[in-house]
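Here is the structure we will look at.
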């Protein structure tokens, strides 16, 4: 049987859960490689993927006999079929963080399940620890992102708009092996850089600008995420101070990232250092990266867990002065047993375009 | 007050619902024009948008005094604030089709609401009827899509891959006023055209191919959606028969689309005509188009409702012969009181590239 499904099944068994309904398409893609609309049922006897006629052909092309997944169409199922799937299961799991309240009620009604139980991110937690294949895809996505940044340093000229630069990022990714961006790129110049989640505008790049570029691409389904803050023509001394503070903290965190590191503490370090200089850490310090550009674990003071080897996370402190400017520096980082590896390798020295 | 929020408030009042928690970002965008991460609360006294620090700046730029929406940060709220929001409300509505089971439990816990009631797509139903501004944006998105199709007829050459064509579509949209594609374009050639939801591959266009192109763009937040099936060098007679059957049914449906038309009947007409020729209608006949490329109403035999003036929907019958080829023809259509207007105007005559 498909290894990832086997792992989930063992995990469920240890919690006295005999079956599971998996609806989140990203979780289904992770477990089966299927990229369609449908649901995956892990029943006592079988793994079943149910989809509609539009996808049957496509899904059959993706699966191999080793997956041990039966494919069927919604159209071919009777009320009785649904009721029989989990007939002898005491507990059946569902994705309480993905399934809507309406779907929940529908599932209860349709499958006649005795006990529909929450699985607390069971698949998402498994997804947090990347295997060698997944790491190689993320590594490649980061490499393409670095190449894009090098390209941008030559490409960006005064008078260009933020939108133009953002379009160039997308174009570069597509022409260099990525399937596209992992999220809409942020190119925020001048006072726009003070908006952490800015949308590219028609503002033109000009002398003295700070430019925050936050971008990532998707390679073979896996994401990268990197931010660099660069300058045009010159850097004001007061900006240097903010830049240095952000960079210093970003590097401290990276040096502390390894198996066992307390996530809350990592966030507290930055928060404390920022506070001492009268700045706030206004967003989470980072997040997991994988099939989704934002996935678990969240790197913030709210997370009481520790890092584990094989996690891939971002480290992205930022300081924002509304109406003036902002600085954010972000890398995608692979957690190891004794240290961490920065997968996005673009320089973080002052970068001054002219 | 913002007109759309006033409409929702009146609708809620008529159902004896005194407040509502709106979490779906598309619904929030529709009601407020805010494009961020947060929630909108309609309480007895106020409209409140709660977001995090990252978005405060951006949101304040979007709202005007006429919106009558208070903006606040999650960080500034106490447990008591949440409990006070709906203190004197008998019933508070939520989006049961958007809110996850986990969120539902969290809402119950956090706001201490007496009676959290389902609102049955209240905002989505309002969104189905487009106003003049919305129609003008969709019209423009359709016009750009038509222009893209004209461009493709000159651009596509034998030896090009499906992916190349799909990239060209995206490039064209961006260079011609759209903010991007409304969904990943489908360019399915030869036997791939038998897969209704095909993903573009490296397959090269060759003589005798059928090519299904399903694409749409986003203009000012609003979507278009169009499919054309074209031929390379020649059309086999047996393909013509299938093409004619699909086209005839597509045109019959369009001619029947108007205020009051029974949606189920529209679908049944096509299903019946296909069956008589030994084909199945394997997917829904269409769907609403607006801020989302797939929104209500679904045009299928499962929908017992009627069409209403101001709805914008697709009409997209298709026939698929697994392993061989497929034909789908789709327009985006504006429903009027006495007839309908086809907004995507590209020709549906046999189109044979050479």
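Residue numbers (this note's numbering), protein chains in the order written: chain U, 359 to 712; chain B, 359 to 712. In this text, a Cβ means the ideal position worked out from N, Cα and C, and glycines have one as well.
Pick from the options that is closest to residue i, judged by C-alpha positions
i, options, result
"residue 476(B)", "450(B), 468(B), 487(B), 459(B)", "450(B)"
"residue 384(B)", "378(B), 393(B), 377(B)", "393(B)"
"residue 582(U)", "542(U), 708(U), 681(U), 607(U)", "542(U)"
"residue 590(U)", "436(U), 680(U), 447(U), 513(U)", "513(U)"
"residue 716(U)", "597(U), 454(U), 654(U)", "Residue numbering for chain U in the displayed model covers 359 to 712; residue 716(U) lies beyond these limits and cannot be assessed."
"residue 588(U)", "697(U), 667(U), 603(U), 548(U)", "548(U)"
"residue 554(B)", "411(B), 389(B), 682(B), 701(B)", "682(B)"
"residue 391(U)", "568(U), 371(U), 361(U)", "361(U)"
"residue 386(U)", "485(U), 447(U), 490(U)", "485(U)"
"residue 502(U)", "439(U), 428(U), 631(U), 538(U)", "538(U)"
"residue 565(B)", "515(B), 585(B), 534(B)", "515(B)"
"residue 695(U)", "705(U), 688(U), 667(U), 706(U)", "667(U)"
"residue 478(U)", "573(B), 613(B), 458(B), 568(B)", "458(B)"
"residue 660(B)", "419(U), 471(U), 433(U)", "433(U)"
"residue 488(U)", "712(U), 389(U), 612(U)", "389(U)"
"residue 412(U)", "706(B), 641(B), 712(B)", "641(B)"
"residue 534(B)", "562(B), 552(B), 480(B), 504(B)", "504(B)"
"residue 698(B)", "613(B), 629(B), 620(B)", "613(B)"
Buried or exposed (CB count within 10 angstroms, at least 16 for buried), residue i
i, result
"residue 594(U)", "exposed"
"residue 445(U)", "exposed"
"residue 550(U)", "buried"
"residue 673(U)", "buried"
"residue 623(B)", "exposed"
"residue 560(B)", "exposed"
"residue 443(B)", "buried"
"residue 437(U)", "exposed"
"residue 496(B)", "buried"
7 angstroms Cβ shell around residue i - same chain, five flanking residues per side excluded
i, result
"residue 359(B)", "426"
"residue 430(U)", "406, 408"
"residue 492(B)", "580, 648"
"residue 474(U)", "450, 452, 465, 466"
"residue 635(U)", "603"
"residue 713(U)", "Residue coverage of chain U in this structure runs from 359 to 712, which leaves residue 713(U) outside it and unanswerable."
"residue 365(B)", "484"
"residue 367(B)", "400"
"residue 605(B)", "687, 706"
"residue 455(U)", "479"
Heavy atom of the ligand ATP within 7 angstroms of residue i beta-carbon
i, result
"residue 520(U)", "Only the bare structure without any ligand can be found here, which leaves the ligand ATP out of the picture."
Cutoff 6 angstroms; reference residue i; Cβ partners in own chain excluding five residues on either side
i, result
"residue 600(B)", "677, 685"
"residue 397(U)", "381, 408"
"residue 618(U)", "664"
"residue 545(B)", "520, 523, 524, 558, 571"
"residue 421(U)", "427"
"residue 669(U)", "486, 693"
"residue 482(B)", "654"
Residue i - partner residues in DSSP beta bridges
i, result
"residue 664(U)", "620(U)"
"residue 689(U)", "673(U)"
"residue 547(U)", "569(U)"
"residue 378(U)", "400(U), 451(U)"
"residue 405(U)", "400(U)"
"residue 679(U)", "683(U)"
"residue 590(U)", "711(U)"
"residue 538(B)", "576(B)"
"residue 584(U)", "573(U)"
"residue 657(B)", "644(B)"
Extent of the continuous beta strand (DSSP E) to which residue i belongs
i, result
"residue 575(B)", "575 to 577"
"residue 360(U)", "Note, residue 360(U): premise wrong, no beta strand (DSSP E); not H, not E."
"residue 428(B)", "428 to 431"
"residue 420(U)", "Run containing residue 420(U): none in the beta strand (DSSP E); it sits in the alpha helix (DSSP H), 411 to 420."
"residue 476(U)", "474 to 476"
"residue 395(B)", "It is not in any beta strand (DSSP E) - residue 395(B) carries neither H nor E in the DSSP assignment."
"residue 699(U)", "698 to 700"
Limits of the unbroken alpha helix (DSSP H) element including residue i
i, result
"residue 384(B)", "383 to 390"
"residue 645(B)", "Residue 645(B) -> not in any alpha helix (DSSP H); beta strand (DSSP E) instead, spanning 644 to 646."
"residue 596(U)", "595 to 614"
"residue 530(B)", "520 to 533"
"residue 460(B)", "459 to 469"
"residue 503(U)", "490 to 513"
"residue 481(B)", "480 to 486"
Contacting residues, own chain, Cβ-Cβ under 8 angstroms from residue i (five flanking each side not counted)
i, result
"residue 671(U)", "615, 644, 645, 646, 647, 655, 657, 665, 690, 691, 693"
"residue 536(U)", "499, 502, 575, 576, 577"
"residue 356(B)", "Nothing about residue 356(B) can be read from this structure; chain B reaches only from 359 to 712."
Chain A contacts from the region 483 to 501 of chain U (Cβ-Cβ distance under 9 angstroms): Absence of chain A from the displayed structure is noted, the protein chains being U and B.
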